[in-house]
Structures are given as structure tokens and as C-alpha cells.
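S.K.:
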Amino acid sequence: MTMPLLKRLQHARNAALALVVTLALCHPCRAQAPPVVMGGADKRVTMIGADGVETFSFVAHEGAVHSILFSRDGRRIISAGADGVVKVWNVDDGSLEQAMDTQDGPVYALALRDDQTVLASGSSDGRIRLWSPNTGKLQKTINAHSRPIRALAWSPDGTLLASGADDRVIQVWRADGTQAASIVGHDEAITGLVWSSDGRSLISGAADGYVKLWSTGDFALASRYKASDKSLSAMVGTVDGHLLATAASDGRIRVYTVTGKGLSQVITRLLEREALCLAWSSDGKVLVSGGADRALRYWKGSDLSVIMKVSASEGSITAVAVDPR
Numbered sequence: 006m007t008m009p010l011l012k013r014l015q016h017a018r019n020a021a022l023a024l025v026v027t028l029a030l031c032h033p034c035r036a037q038a039p040p041v042v043m044g045g046a047d048k049r050v051t052m053i054g055a056d057g058v059e060t061f062s063f064v065a066h067e068g069a070v071h072s073i074l075f076s077r078d079g080r081r082i083i084s085a086g087a088d089g090v091v092k093v094w095n096v097d098d099g100s101l102e103q104a105m106d107t108q109d110g111p112v113y114a115l116a117l118r119d120d121q122t123v124l125a126s127g128s129s130d131g132r133i134r135l136w137s138p139n140t141g142k143l144q145k146t147i148n149a150h151s152r153p154i155r156a157l158a159w160s161p162d163g164t165l166l167a168s169g170a171d172d173r174v175i176q177v178w179r180a181d182g183t184q185a186a187s188i189v190g191h192d193e194a195i196t197g198l199v200w201s202s203d204g205r206s207l208i209s210g211a212a213d214g215y216v217k218l219w220s221t222g223d224f225a226l227a228s229r230y231k232a233s234d235k236s237l238s239a240m241v242g243t244v245d246g247h248l249l250a251t252a253a254s255d256g257r258i259r260v261y262t263v264t265g266k267g268l269s270q271v272i273t274r275l276l277e278r279e280a281l282c283l284a285w286s287s288d289g290k291v292l293v294s295g296g297a298d299r300a301l302r303y304w305k306g307s308d309l310s311v312i313m314k315v316s317a318s319e320g321s322i323t324a325v326a327v328d329p330r
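6 is the number of the first residue of the sequence shown in my numbering; add one for each residue after it.
Dropping the structure here:
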């Protein structure tokens, strides 16, 4: 055997061995990654399995997908987009089950009540619409804001719905559509709303860079935090209410612990480009981000170390949700 041929064989063997070692090292990391669904500027809804491989992908809307979520049992995906339509999809095969047309501009926010009987959508016309996700029937329309709605959140017991909009106002609504509170507490548009797990606090994030906690007894300001010098683009809390994550236009993702006394910052990570959307796994161990770089990143919730990165979109990733099962 000639020396050049031997060297080529040795090089090939080493490369193959390196590949095996790389896959072996990545396998435990990938096992921690939950299934994820994302929506993007490319109009598509895409399901990514726990192994980081695409399960299905299809054009879902006539424009960007602005919001996406799973039903509580993980059997359905609900998406909303620039076309003003809210759609319900079957997780197993991606088939369309319901289509709810608001007939009046883009839908930017969705929130499904825990009992899965009422779906709230927030639109560019400032209206909240309450739907039956099972039948697609419109139950109620609320004239909520004077500007586009960017955030919606149901209280844990399902009795209150909070909404936030470009008009800088947080509104709180009872389940029957009557107003429970109105809060003017930010200098810029509201971009995120999260209830504490016990329902005693409402947390808001805004384009002014502040995160604020409101006591739900009288909706008075309990505490505030300067999360960023730039606009907050996303804010999500874990199911148990112990962790809160924010993303800002400066490219930073921050994770806070939530206590009875307020927030304390855990850790920060800087991305080259802004994260536009965030989602927690149901156990709070994994945070998933998507953004302008067209990649999903899976972060370990405790220290924001990277578990996995998936380049999975032809445009910016604008919405993401984690399978709750």
C-alpha cells in the first residue's frame, strides 16, 4: 500500500471517528430538547421534533405568522398571522381543523384559557375576540384598545384576561367581557404579559425596557426593573412561575427568578441578532428562542448554556411554542 493512499485512509478513519464522537456527545443534549412548533415571516408553520429534525412544514397564512401556541393537551396547534385569520391545526398530520377570520387586520396575540374552552385573539384594530377553539364560533368581541394589541394572558384560574397594546395601556377583563382594571404604567408599547402562578401578580414588559409587577388586589405597582436600555421584544414565564425570560432588541436574553418579593436576575446571554420570540418547556428546564437569524436555539434554563441550534426557516422566526406533553 502506498503512503499517500495510507494517509488518505487514515484521514478518512479519523474523520469518521470524529463524526461518531460528535454525534455521541450531541445525543444527550438533543434528548433534552422538547418538540417545538414555530411560525415565521416566510408564512410557514413548522414542527421540529425532539431530535431537531423537521416533522412537517407548510404555508399556513397569507403573510407572516405573528403568534403560535399549543393546546394544553398538545394535540392541536393554534396560529395567527398578518392575514387576520386564526387557525387550528392537528399536531399529528398538520391538517386544518378550524379557521376563524377576524376580517379586520393582522392578529398579533393569542391566549388559550387553561380549560381550553375559550381562545382570545388580539388584533391590529385594538379588539379582543373570544372564540370557541372547538367550533370556531365567535363568542364575544371586546373593544379593548385604541392601537394594535401585542400581548394577551389569562389568569391561572381563567377568570381574568389581561391585554397590552401599542397605546401603552394594560387592560384587565373579566371572563364576561367587562373591565376589571386599566393600568397606564409604561412609556412605550406593551410587548409581554405574564401572570404569577398564584394569580396574585401580573408582570408586564414593554418597549421602554422595563419589567413591572402589579399586585392584582388593586393593580397597584409593586416593583419595577430596568431589563434593558432597548425595547423588549418578548417575555415569557415558566408554568410554575419560578422563572421569567425576556428578549430585547439589543440581542440580550435575560432570565430572572420570581419570588414573593419580586425579581432577581439569574443570567444574561448576548446574541448577534435580536431574538423575536421565546417559549419555555413545561418543566421550565429548556428555553427556546427564535429570531432574525432564522435559527432556533434551545437553552438550558438554569444557566442559558446552549443545548442545540437548528437552522429551520427561510425568514425570521416570529413565533415559537413548546409541546407541553
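Just so you know, even glycine gets a beta-carbon here, dropped at the ideal spot from N, CA and C.
1. With DSSP run on the structure shown, which of helix, strand or coil describes H71?
2. How is N95 classed by DSSP in three states: helix, strand or coil?
3. May I have the straight-line CA-CA distance separating D106 from G267, to the nearest angstrom?
4. Where do the N-terminal and C-terminal ends of the beta strand (DSSP E) with D106 fall, by residue?
5. By how many angstroms is the C-alpha of T323 removed from the C-alpha of R155?
6. Are the stretch 160-176 and the stretch 199-211 touching, with three or more C-beta to C-beta distances below 8 Å?
7. Can you tell me whether DSSP reads E59 as helix, strand or coil?
8. Per the DSSP calculation, T183 is bridged to which residue(s)?
9. Would you report the Cα separation of R118 and D109, rounded to the nearest angstrom?
10. Are G79 and R330 touching if we call contact CB-CB under 8 Å?
11. Taking C-alpha atoms, which residue in S84, F61, V189, W285 lies nearest to S72?
12. With the cut-off set at 8 Å, would you say G68 and D88 are in Cβ contact?
13. With distances taken Cα to Cα, identify the nearest neighbour of R49 among P138, F75, G320.
14. Tell me whether T51 sits in a helix, a strand or coil according to DSSP, three-state version.
15. Express the C-alpha separation of Y261 and A37 in angstroms, rounding to a whole number.
16. Would you kindly check if the distance between the Cβ of A116 and the Cβ of L166 is under 8 Å?
17. Using a Cβ-Cβ cut-off of 8 Å, state whether T140 counts as contacting chain D.
18. With DSSP run on the structure shown, which of helix, strand or coil describes R278?
19. Using CA atoms only, rank isn't needed, just tell me which of T243, A239, R77 is closest to Y113.
20. Secondary structure at N148, three-state DSSP: helix, strand or coil?
21. Just reading off the beta strand (DSSP E) that T221 is part of, what are its end residues?
22. Output needed for S236: all residues of its chain with C-beta closer than 6 Å, excluding positions within five of it in sequence on either side, in chain order.
23. Reducing DSSP to helix, strand and coil, say where R259 ends up.
24. Is the beta carbon of L124 less than 8 Å from the beta carbon of P138?
25. Beta-carbon separation of T243 and W304 under 8 Å?
26. Since A186 and V177 are thought to touch, with beta carbons under 8 Å apart, how far apart are those beta carbons, to the nearest angstrom?
27. What's the gap between the Cα of S316 and the Cα of D181?
28. So is T27 buried or exposed if we call it buried at 16+ other beta carbons inside 10 Å?
29. Mark E59 as exposed unless 16 or more other C-beta atoms lie within 10 angstroms of its C-beta, in which case mark it buried.
M.R.: For this structure:
1. strand
2. strand
3. 40 Å
4. 101-106
5. 13 Å
6. yes
7. strand
8. Note: T183 sits in no beta bridge, so no partner.
9. Straight-line Cα distance between these residues: approximately 23 Å.
10. Going by beta carbons, G79 and R330 fall inside the 8 Å limit.
11. It is S84 whose Cα lies nearest to the Cα of S72.
12. Yes, Cβ-Cβ distance for G68 and D88 is below 8 Å.
13. G320
14. T51 sits in a strand when the DSSP states are folded into three classes.
15. The question names Ala, but residue 37 in the sequence shown is Gln. If you take the alpha carbons of Q37 and Y261, they lie about 21 Å apart.
16. yes
17. Of the protein chains in this structure there is only one, and it is not chain D.
18. coil
19. A239
20. strand
21. Premise fails: T221 is in no beta strand (DSSP E) and is neither H nor E.
22. A212, S254
23. strand
24. yes
25. no
26. 4 Å
27. Each residue's alpha carbon lies about 43 Å from the other.
28. In this prediction, T27 scores a pLDDT of 30, lower than 50, which makes its location untrustworthy; no coordinate-derived value is stated.
29. exposed
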